[in-house]
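Visitor: So the numbering used here is basically just the index in the sequence shown, starting at one, shifted up by 3. Where is the CB? At the ideal position from N, CA and C, for every residue including glycine.
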Amino acid sequence: MFVLTIVSVSLLAIVKSFLLIARADSAMEDYTKAVFLLKDKLCTLDTEGINNYKENGRFMSPFDKFYWRLHSEDLSSGIAKVDLSVFWGKDGSKREIKVSTCLIKKNL
4 MFVLTIVSVS
14 LLAIVKSFLL
24 IARADSAMED
34 YTKAVFLLKD
44 KLCTLDTEGI
54 NNYKENGRFM
64 SPFDKFYWRL
74 HSEDLSSGIA
84 KVDLSVFWGK
94 DGSKREIKVS
104 TCLIKKNL
């Protein structure tokens with residue numbers, strides 16, 4: 004009986020570990036996608052040009068659970084400070100990555 008209890012507790016711990024690993028894997032997948040989406044949005048801004056504005060939006064499918072928020076302002080002639088965030092998740096577990104950088108304004 005004692006051995007059966009130890010085996011049961013051990014199996015429960017193993018199953019719980021696998022569930023935690025699966026959850027962590029899913030979270031890392033979301034973080035990886037968010038980093039690539041953030042990089043893509045920065046490349047788009049660099050290519051299309053930047054104006055002083057605040058803007059937000061949602062990425063298209065299959066990434067429609069991710070949103071972005073952008074704020075840019077002039078630092079000096081030809082240089083803009085850009086704050087870009089990508090976020091996802093429900094209210095109780097909202098996740099966000101943010102980058103602040105300077106870009107050369109090509110639309111002078």
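Once DSSP output is grouped into helix, strand and coil, what is the label at Phe-39?
Guide: Translated into positions along the sequence shown, residue 39 becomes position 36. Three-state DSSP puts Phe-39 in a helix.
Visitor: Using 8 angstroms as the Cβ pair cut-off and three pairs as the minimum, do the stretch 79-98 and the stretch 33-41 touch?
Guide: Yes, they touch.
Visitor: Locate the beta strand (DSSP E) running through Asn-59, then write down its first and last residues.
Guide: Against the sequence shown, residue 59 aligns to sequence position 56. That run of the beta strand (DSSP E) goes 57-61.
Visitor: What number of angstroms, rounded off, separates the C-alpha of Ile-53 from the C-alpha of Ala-30?
Guide: Against the sequence shown, residue 53 aligns to sequence position 50. Against the sequence shown, residue 30 aligns to sequence position 27. Approximately 31 angstroms, taken between the alpha carbons.
Visitor: Tell me the residue span of the beta strand (DSSP E) that contains Lys-101.
Guide: Taking the first residue of the sequence shown as 1, we reach residue 101 at position 98. That run of the beta strand (DSSP E) goes 98-107.
Visitor: Once DSSP output is grouped into helix, strand and coil, what is the label at Ser-80?
Guide: If you number the sequence shown from 1, residue 80 lands on position 77. Note: Ser-80 maps to coil in three-state DSSP.
Visitor: Might you give, ordered along the chain, the residues of its own chain that have their beta carbon closer than 7 angstroms to the beta carbon of Leu-106, omitting 5 neighbours on each side?
Guide: As a first step, residue 106 must be located in the sequence shown, where it is residue number 103. For Leu-106, where only same-chain residues beyond five positions count, the Cβ hits under 7 angstroms are Leu-48, Asp-49, Ile-53, Ala-83 and Val-85.
Visitor: Put Ser-64 into one of helix, strand or coil per three-state DSSP.
Guide: Here residue 64 refers to the residue found at position 61 of the sequence shown. Ser-64: coil per DSSP, three-state reduction.
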